[in-house]
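Below: the structure, in structure tokens.
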Amino acid sequence: MSEVAVAVPRAAGSLRRLRARLSNPWRRPRLLALWGWLFVLWSLVPVAIAILFSFNAGRSRSVWQGFSLRWYFEDPDLSVLHDPVLSHAVLQSLKLAALTMLIATPIGVGLSIGLARWRGPASAAANLLMLLPLVTPEIVLASGLFLVFAHLYVVGGTRLFGTPAQLLGHVTWSIPYVVVVLRGRLFGIGKEYEEAAMDLGASPLQAMLRVVLPLLAPAIFAAFMIVFALSIDDFVTSQFLSSGEGSITIPMLIYGTGRTGENPSMNAVATVMLVLSLAAIGIAASVLRLVARRRGTPASAARELLRFEI
Amino acid sequence: MAGRASDDGGIEVLYPRGFWQALSAPGVLWLLALFVVPLYAIVATAAGRLDPIFGTSVPEWNPLYWQPDAFRFVLGDLAAPGGVFREVFLRTLGYVLAAVALSLAVGYPVAYYMARLGGRARSAFILLMVLPFWVSYLMRIFAWVNLLQPDGLVNRVLALTGIMEPQTWLDGRPMTVVLGLVYGWVPFLILPVFAALERIDAHLVESALDLGASPARAFLRVTLPLSAQGILAGTVIIMLPMFGDFYTAQLLGTQRNAMIGTLINFYLTQATVGPAQARGAALVIILAALVSALTIYYLVATARAARGAAR
Chain A
2 MSEVAVAVPR
12 AAGSLRRLRA
22 RLSNPWRRPR
32 LLALWGWLFV
42 LWSLVPVAIA
52 ILFSFNAGRS
62 RSVWQGFSLR
72 WYFEDPDLSV
82 LHDPVLSHAV
92 LQSLKLAALT
102 MLIATPIGVG
112 LSIGLARWRG
122 PASAAANLLM
132 LLPLVTPEIV
142 LASGLFLVFA
152 HLYVVGGTRL
162 FGTPAQLLGH
172 VTWSIPYVVV
182 VLRGRLFGIG
192 KEYEEAAMDL
202 GASPLQAMLR
212 VVLPLLAPAI
222 FAAFMIVFAL
232 SIDDFVTSQF
242 LSSGEGSITI
252 PMLIYGTGRT
262 GENPSMNAVA
272 TVMLVLSLAA
282 IGIAASVLRL
292 VARRRGTPAS
302 AARELLRFEI
Chain B
48 MAGRASDDGG
58 IEVLYPRGFW
68 QALSAPGVLW
78 LLALFVVPLY
88 AIVATAAGRL
98 DPIFGTSVPE
108 WNPLYWQPDA
118 FRFVLGDLAA
128 PGGVFREVFL
138 RTLGYVLAAV
148 ALSLAVGYPV
158 AYYMARLGGR
168 ARSAFILLMV
178 LPFWVSYLMR
188 IFAWVNLLQP
198 DGLVNRVLAL
208 TGIMEPQTWL
218 DGRPMTVVLG
228 LVYGWVPFLI
238 LPVFAALERI
248 DAHLVESALD
258 LGASPARAFL
268 RVTLPLSAQG
278 ILAGTVIIML
288 PMFGDFYTAQ
298 LLGTQRNAMI
308 GTLINFYLTQ
318 ATVGPAQARG
328 AALVIILAAL
338 VSALTIYYLV
348 ATARAARGAA
358 R
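As given, the protein sequences belong to chains A and B, one line each in that order.
Under my numbering, the first residue of the first sequence is numbered 2, with each subsequent residue one higher.
Under my numbering, the first residue of the second sequence is numbered 48, with each subsequent residue one higher.
Structure below.
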């Protein structure tokens with residue numbers, strides 16, 4: 002009885018204190034901070050665990066059995082290096098990403114410079130055409146590409162499904178990203194340098210090649226890396242345009258066997274993919290950051306990464 | 048736009064005629080051939096005819112000969128109680144709405160926290176927030192396949208702490224797929240909401256508080272309405288890919304969790320019998336219409352808000 006009598010005012014006191022604390026708008030947002038950092042944990046820990054278990058010595062996906070590189074090189078049958086399906090998927094992903102990068106970036110650079118200067122109604126239409134793929138769900142574009150490769154773009158009776166179709170598809174939705182990455186830099190440079198070059202006697206072509214392109218070089222390099230990462234991570238386009246066995250990429254492998262795959266070599270393959278795309282993006286962000294710093298504008302790698310979105 | 052307009056002083060005139068058009072041409076032609084034509088091919092296939100010998104779908108490129116059969120079939124199935132398409136369509140709608148609501152509930156406070164942070168902590172937090180963008184979606188979902196196995200870490204933790212009985216998470220329960228969608232897409236919602244919250248002038252909230260509003264009221268009447276554009280942008284940005292998603296359900300669910308994307312993937316690229324492809328194409332058009340309606344609503348709302356702000 003007396004315990005309750007003591008407990009009630011104490012509870013009321015702590016309630017009052019709690020209310021006072023909650024109604025103070027300048028309090029430290031502890032709950033919010035907890036929520037924020039818990040979210041970060043929730044968002045990153047599962048991936049970290051998948052990476053960790055790719056180094057597991059045993060087969061288990063949940064019990065740690067010691068560190069090894071078994072699933073990368075050492076296992077003679079099941080490792081990424083020795084399982085023909087896994088190593089082929091890595092090669093296919095790399096091949097597609099490298100070729101996409103080499104084709105999409107020059108086309109996108111031309112389009113971005115052209116669209117920035119070309120005036121008139123046709124230019125507005127071209128600009129819209131460039132922006133539309135960015136708001137088109139990938140499954141819609143992939144469906145359309147599947148249909149044209151099935152019925153229309155058939156070369157000499159053979160269909161292009163497999164690497165050629167996948168490559169054409171990847172390039173298609175990479176072009177707008179290149180334009181978006183370059184556009185910011187292009188408007189930042191302005192026309193003064195070109196004008197100065199021409200005043201000094203450069204021909205238009207010389208001004209373009211020797212002044213504008215070198216000024217754009219860091220952004221072009223970043224575009225290369227971004228396109229590489231986008232292509233490595235792509236799933237829907239690769240899946241819709243594949244020809245089966247021979248053109249399986251890493252994401253397709255995860256889609257096809259992730260549910261049933263028993264051994265951690267899947268984790269190892271996924272980790273390879275993660276390292277490839279994060280390395281590309283990390284390099285791109287560092288280059289842009291370095292250039293921004295040299296120009297005297299403060300920029301963080303995180304800010305540069307943010308700019309890549311949308 | 049920076050730079051000068053192309054009056055007489057513009058440097059565009061110094062370049063040969065057609066220079067900019069020539070620079071743009073490869074990109075424009077590429078997008079015409081591999082973006083516009085494919086979109087047209089979807090309509091042409093949905094409204095196409097059947098091959099007289101094989102009985103399979105063939106696109107009809109001439110609009111004069113378009114047939115509404117596949118559309119009629121798909122729309123009829125969507126309207127009929129018990130139709131397969133209807134069931135899948137309603138399930139997709141339910142999953143997406145649940146996932147968007149959960150994403151907002153999870154993501155808004157995170158964006159709010161991010162906007163309040165300053166200095167180094169903020170840069171670090173933003174970096175950690177942006178990391179998942181560059182990890183393949185498939186890998187992030189696959190990470191959960193590991194964790195949710197019957198003998199996976201989630202069940203181990205549950206058994207150890209006794210919070211809950213170990214579950215068979217991957218047996219086709221909608222909750223797993225919805226949580227997977229939230230996990231996959233919520234970073235894409237947080238950034239636009241963060242951008243909107245960051246722009247809010249802190250003085251406005253302070254004035255509300257000075258004028259006697261409780262913190263909750265100040266939040267509901269000032270902060271929340273001012274971040275509405277960000278919420279709208281984030282919601283639309285994550286809804287677009289969610290409606291076409293079929294891999295999350297594949298990795299975290301069973302046949303019972305099939306979504307519209309699952310049907311499109313199957314009818315369009317795998318089933319080659321009879322009018323399957325035309326029906327798949329009709330489904331793509333219905334999905335695209337839904338998604339375009341969302342995008343247009345977003346653009347109109349944003350334009351209206353911009354006009355309101357300019358006034």
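The C-beta atom is built at its ideal place from N, Cα and C for all residues, glycine as well.
Since the model is a prediction, treat every value here as computed from it, not as a measurement.
- For E253/B, the enclosing alpha helix (DSSP H) starts and ends at A249 to D257.
- The beta carbon of M102/A does not come within 8 Å of any beta carbon belonging to chain B, so the residue lies off that interface.
- Among the residues facing chain B, V141/A is included, as its CB has a counterpart in that chain under 8 Å away.
- With the criterion set as a beta carbon lying under 8 Å from some beta carbon of chain A, the region 133-149 of chain B has no members that meet it.
- Inter-segment contact for the region 197-209 of chain B and the region 238-253 of chain B is absent: fewer than three beta-carbon pairs are separated by less than 8 Å.
- Within the region 152-190 of chain B, the complete alpha helix (DSSP H) segments at least 4 residues long are 166-177, listed from N- to C-terminus.
- Bounds of the alpha helix (DSSP H) holding V90/B are V84 to A93.
- In this structure, DSSP gives T173/A a helical state, which the three-state scheme calls helix.
- Under the DSSP assignment, S248/A falls outside any alpha helix (DSSP H); it carries neither an H nor an E label.
- Cβ atoms of L334/B and I311/B come within 8 Å of each other, at about 7 Å.
- Put simply, the region 264-276 of chain B does not touch the region 216-226 of chain B. Fewer than three CB pairs are less than 8 Å apart.
- Not a single CB atom of chain A sits nearer than 8 Å to the CB of R119/B.
- For T106/A, no CB of chain B lies under 8 Å from its own CB, so it is not counted at the interface with that chain.
- In the DSSP annotation of this structure, the continuous segment of the alpha helix (DSSP H) that includes M267/A starts and ends at S266 to R295.
- Within the region 38-80 of chain A, not a single complete alpha helix (DSSP H) segment reaches 4 residues in length.
- Distance from the Cα of A158/B is smallest, within the candidate group L35/A, D200/A and M274/A, for L35/A.
- Inter-residue distance for A271/A and L206/A is about 45 Å (C-alpha atoms, whole angstroms).
- A check of alpha carbon separations from K96/A across R295/A, R211/A, G163/A and R290/A identifies G163/A as the nearest.
- For the region 224-238 of chain A, residues whose beta-carbon sits nearer than 8 Å to a beta-carbon of chain B comprise A230, I233, D234, F236 and V237.
- In this structure, W77/B keeps its C-beta atom at 8 Å or more from the C-beta atom of I140/A.
- A Cβ of chain B is located within less than 8 Å of the beta carbon of R118/A.
- Taking C-beta atoms under 8 Å as the contact rule, S55/A and A269/A qualify, at a distance of about 4 Å.
- By the Cβ criterion, the region 108-122 of chain A is not in contact with the region 234-247 of chain A, since fewer than three pairs of Cβ atoms, one from each stretch, lie closer than 8 Å.
- Chain-order list of chain B residues neighbouring H152/A: A88, T92, V105 and P106, by C-beta distance under 8 Å.
- Comparing alpha carbon positions, the residue from R167/B, G291/B and L315/B closest to M306/B is G291/B.
- Residue environment for Y112/B: exposed (fewer than 16 other C-beta atoms within 10 angstroms of its C-beta).
- Beta-bridge partners of V105/B (DSSP): R96/B.
- In this structure the region 129-142 of chain B does not touch the region 94-111 of chain B; the number of beta carbon pairs closer than 8 Å is below three.
- Interface flag for Y62/B against chain A is set, since a Cβ pair is found closer than 8 Å.
- Selection Y184/B, S183/B, A171/B and F189/B evaluated against G37/A yields A171/B as nearest (Cα-Cα).
- Straight through space, the alpha carbons of D124/B and G130/B are spaced by roughly 5 Å.
- DSSP places T159/A within a strand segment (E or B) once states are collapsed to three.
- Scanning its chain for C-beta atoms nearer than 7 Å, with the 5 sequence neighbours on each side dropped, one finds around A88/B the residues P106, in chain order.
- The C-alpha of T223/B lies about 13 Å from the C-alpha of F189/B.
- Within chain B, the residues P156, V157 and Y160 have their CB atoms less than 7 Å from the CB of W36/A, given in chain order.
- Judged by DSSP in its simplified three-state form, Q196/B adopts coil rather than helix or strand.
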